[in-house]
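Encoded as structure tokens, the structure appears first; notes follow it.
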Amino acid sequence: MPYRELKGGRVPIRMWTDPSTVEDVALQQLQNVSRLPWVEGLAVMPDVHYGKGATVGSVIAMRNAVSPAAVGVDIGCGMTAVKSSLTVEDLPDDLSGLRRRVEAAIPVGRGVHKEAVDPSGVPGLKMRGWYEFWKEFESLHPGVQNRRGRASVQIATLGSGNHFWELCSDDEGNVWIVLHSGSRNIGKELAERHVEAARKLPHNQDLPDPDLAVFLAGTEQMEAYRHDLFWAQEYARRNRAVMMALAQNVITQRFGEKRCQWGEVISCHHNYVAEETYDGVELLVTRKGAIRAGSGDLGIIPGSMATGTYIVRGLGNALAFNSASHGAGRRMSRNKARKTFTVADLEEQTRGVECRKDGGVLDEIPGAYKDLETVMQQQTDLVEVVAHLRQLICIKG
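Residue numbers (the working numbering): 1408 to 1804.
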């Protein structure tokens, strides 16, 4: 499906979905972004939906400016996946025991590790610059300096909401691990402090939405934000890497090293900022609920608890600022999902998947999300499919 272009303020709004299917409040947010004096382009992914300040599923390119709220509070949130040498024939009929083993190794929800994970003690994990990374904590925003202890025991934890760990099989029966997590509480703490600081700056007083407040290049506030932003993005990357290694070890111990080998680890942020150049212009590209899909880039696009995941390769579409959707995207809020569906609905919609089937995850029911197949059909000019995965185990907080 080719993109559709809506008239915006300073820039057009390029949409890889039918505008009539997007909530009015989300369309208004897109119009607000298009009017910002620093915006150079706006691309909207097929999973677009309402968010704080900027929609989830939007790619915003600015010159000499960046909006913290357009990144989101879970800085660096993203996906990691790896293919194993196992096949579904190697797995036991009852997957509950394997699920419990993973849950014992990786805390979920509000859970944390009893002690900070030492990556040097995790077999197979190559993690450089660990000491230097944590040394940088001392230069983060003063308001988070008392959070270091918590941040250290939250690394390699899943969190809650739409974060998950999954064991999947592809269409050929190969077994994969897929996980979704971000910068945990420390990313949220940093984001909220910088959003509040941006809202108070004089140049942001007449914006159509105060949550779109920006930092400007060359200012102390911008440098402070970029420093903390890139640190949080690195925290998120390391969080997923250590978690993935822990999970790989659980699977390897269960099936043995001879049976279980691992392929290339694929990892991608979908709430982040990158410095990129288009038409010779250096831009700060914010992807909030979108992955980079430059030519050849491998990415991960999940659906929901029981509707599959796609491993994709980017086609490098500059009109979308080399981006693609980060998932299926929600079609209803969490509150609406809880009011609309029952636990019986959840049990039915997750039939065949080893997962929680209780009221605590009812807001994550597949019916609360857009149809993944439709989302994929709407971005055939952004990515090509490498593999299609279906869930066998899904762990949520």
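Built from N, CA and C at the ideal position, the CB exists for glycine as well.
### Task
Out of I1802, L1799, H1795 and I1800, state which residue places its alpha-carbon closest to the alpha-carbon of D1577.
Working through the sequence shown from its first residue, we reach residue 1577 at position 170. Residue H1795 is the option with its Cα nearest to D1577.
### Query
Using CA coordinates, which residue listed in N1581, D1500, A1468 and A1604 is at the minimum distance from P1549?
For the purposes of this step, residue 1549 is taken as the residue at position 142 of the sequence shown. Out of N1581, D1500, A1468 and A1604, A1604 has the C-alpha closest to the C-alpha of P1549.
### Task
Report the three-state DSSP secondary structure of W1583 (helix, strand or coil).
The residue labelled residue 1583 in the question sits at position 176 within the sequence shown. Looking at W1583 - three-state DSSP - the assignment turns out to be strand.
### Query
Under 8 Å, do G1589 and C1675 count as touching if we go by C-beta distance?
Translated into positions along the sequence shown, residue 1589 becomes position 182. Translated into positions along the sequence shown, residue 1675 becomes position 268. Against a cut-off of 8 Å, the Cβ pair of C1675 and G1589 comes out as no contact.
### Query
Considering only the beta carbon of each residue, do S1503 and C1667 sit closer than 8 Å?
On the sequence shown, position 96 is the one that residue 1503 refers to. On the sequence shown, position 260 is the one that residue 1667 refers to. The beta carbons of S1503 and C1667 sit no closer together than 8 Å.
#### Entry: Residue closest to R1737, alpha-carbon to alpha-carbon, out of V1495, D1425, W1423 and E1430
Here residue 1737 refers to the residue found at position 330 when the sequence shown is read from its first residue. Closest option to R1737, Cα to Cα, is E1430.
### Query
If we ignore side chains and look at the alpha-carbon of each, how far apart do V1768 and L1779 end up?
The sequence position of residue 1768 within the sequence shown is 361, counting from 1. The sequence position of residue 1779 within the sequence shown is 372, counting from 1. Roughly 19 Å between the two C-alpha positions.
### Message
At the level of alpha carbons, what is the spacing between D1613 and G1460?
### Response
Counted from its first residue, the sequence shown places residue 1613 at position 206. Counted from its first residue, the sequence shown places residue 1460 at position 53. In a straight line, the C-alpha of D1613 is about 14 Å away from that of G1460.
### Query
Which ranges would you report for the alpha helix (DSSP H) in the region 1421 to 1455 if only whole runs of at least 4 residues count?
DSSP runs (the alpha helix (DSSP H)) wholly in the region 1421 to 1455: 1431 to 1441.
### Task
Return the bridge partner residues of Q1798 from the DSSP annotation.
Along the sequence shown, one-based indexing puts residue 1798 at 391. Looking at the DSSP output, Q1798 shares a beta bridge with C1575.
### Spatial neighbours of F1748 in its chain, beta-carbon cut-off 7 Å, leaving aside the 5 residues before and after
Taking the sequence shown and counting its residues from 1, one reaches residue 1748 at position 341. Short of 7 Å from the beta carbon of F1748, and not among the five residues preceding or following it, lie these beta carbons of its own chain, in chain order: L1769, I1772 and G1774.
### Query
Helix, strand or coil: how does DSSP classify G1568 here?
The residue you call residue 1568 lines up with position 161 of the sequence shown. In this structure, G1568 counts as coil in the three-state DSSP scheme.
### Query
Can the beta-carbon of V1719 be found less than 8 Å from the beta-carbon of V1672?
Position 312 of the sequence shown, counting from 1, holds the residue named residue 1719. Position 265 of the sequence shown, counting from 1, holds the residue named residue 1672. No.
### Message
Using a Cβ-Cβ cutoff of less than 8 Å, which residues in the same chain neighbour I1593 once the five nearest sequence positions on both sides are dropped?
### Response
Position 186 of the sequence shown, counted from the first residue, corresponds to residue 1593. The beta carbon of I1593 lies closer than 8 Å to those of V1551, R1554, R1557, A1558, Q1561, A1639 and Y1642 in the same chain, with the five residues before and after it left out.
#### Entry: Nearest candidate by alpha-carbon position, reference G1528, set M1650, G1703 and S1732
Residue 1528 sits at position 121 when you count from the first residue of the sequence shown. Nearest to G1528 by C-alpha distance, out of M1650, G1703 and S1732, is M1650.
### Task
Assign R1644 to one of two classes, buried (16 or more other C-beta atoms within 10 Å of its C-beta) or exposed (fewer than that).
Counting from 1 along the sequence shown, the entry for residue 1644 is found at position 237. By the 10 Å Cβ count, R1644 comes out buried.
### Task
Take E1599 and list the residues in its own chain whose beta-carbon comes closer than 8 Å to its own, dropping the five residues that flank it on each side.
As a position in the sequence shown, residue 1599 is number 192, starting the count at 1. When the five nearest sequence neighbours on each side are left out, the beta carbons in the same chain lying within less than 8 Å of the beta carbon of E1599 are those of V1480, in order along the chain.
### Task
With a 10 Å radius around its C-beta and 16 neighbouring C-beta atoms as the bar for buried, classify V1432 as buried or exposed.
On the sequence shown, residue 1432 is found 25 positions in, with the first residue counted as 1. By the neighbour-count definition (other C-beta atoms within 10 Å, threshold 16), V1432 is an exposed residue.
### Task
Whole angstroms is fine: what's the gap from E1689's alpha carbon to V1790's?
What you label residue 1689 is simply residue 282 of the sequence shown in a count that begins at 1. What you label residue 1790 is simply residue 383 of the sequence shown in a count that begins at 1. Spanning the two alpha carbons is a distance of roughly 24 Å.
### Task
Give a yes or no on contact between the region 1440 to 1448 and the region 1465 to 1474, applying the rule of three or more CB pairs nearer than 8 Å.
Taking a cut-off of 8 Å on C-beta distances, the region 1440 to 1448 touches the region 1465 to 1474, as three or more cross pairs fall below it.
### Message
For G1715, count the other beta carbons within 10 Å of its own beta carbon; 16 or more makes it buried, fewer makes it exposed. Which is it?
### Response
Counting from one through the sequence shown, the residue named residue 1715 turns up at place 308. Buried, since its Cβ has 16 or more Cβ neighbours within 10 Å.
### Query
Where DSSP assigns a beta bridge to K1695, which residues make up the other side?
Position 288 of the sequence shown, counted from the start, is the residue given in the question as residue 1695. Looking at the DSSP output, K1695 shares a beta bridge with S1465 and N1678.
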